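Report on the structure given below.
Right under this line is the structure:
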């Protein structure tokens, strides 16, 4: 199973580049996920103005391990193709924070891999989010 893109970058993300990376004539299904900064946090009062994402220096290497591990668990035959990137730096409302794309011969595997990939990135990638609100409040998350 080729992991074609697995990275953490400080530049805008491009869904089409991820879709292009996993395209293959042998694949019949492609699942993707785009996570964007929203204007609110349901657990905190106030409107979000922006997020500052920071990452541990090993984040890109960790992303590659996450993608490989998810693939090994869910795609032991190695037929799927994976591309996933998380962005760091200052992101405004509507900016894309994470893109994942997975292609496989059938939709069930593509959906399962894409979902588990995003869940594992959220659980394990050493990235921290500093949320800023219009009222001047700020909140850190992902610090565990």
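In full-length UniProt numbering, the protein residues as written are 1 to 144. Here a beta-carbon is modelled for each residue, glycine too, at the ideal position from N, C-alpha and C. Since this is a predicted model, take the numbers as computed values, not measurements.
#1: Grab me the residues of residue 107's own chain with a C-beta within less than 8 angstroms of its C-beta, minus the 5 sequence neighbours each way, in chain order.
#2: Which stretch, first to last residue, makes up the beta strand (DSSP E) that contains residue 81?
#3: If we count the other Cβ atoms within 10 Å of its Cβ and call it buried at 16 or more, is residue 44 buried or exposed?
#4: I'd like to check one pair, residue 37 with residue 95: are the Cβ atoms closer than 7 angstroms?
#5: I believe residue 81 touches residue 2 by the beta-carbon criterion, under 8 angstroms. Please report the beta-carbon distance rounded to the nearest angstrom.
#6: May I ask which residues mark the beginning and end of the beta strand (DSSP E) holding residue 19?
Here's the rundown:
#1: 28, 29 and 31
#2: 81-87
#3: exposed
#4: yes
#5: 5 angstroms
#6: First-last for residue 19: 15-22, but that is the alpha helix (DSSP H), not the beta strand (DSSP E).
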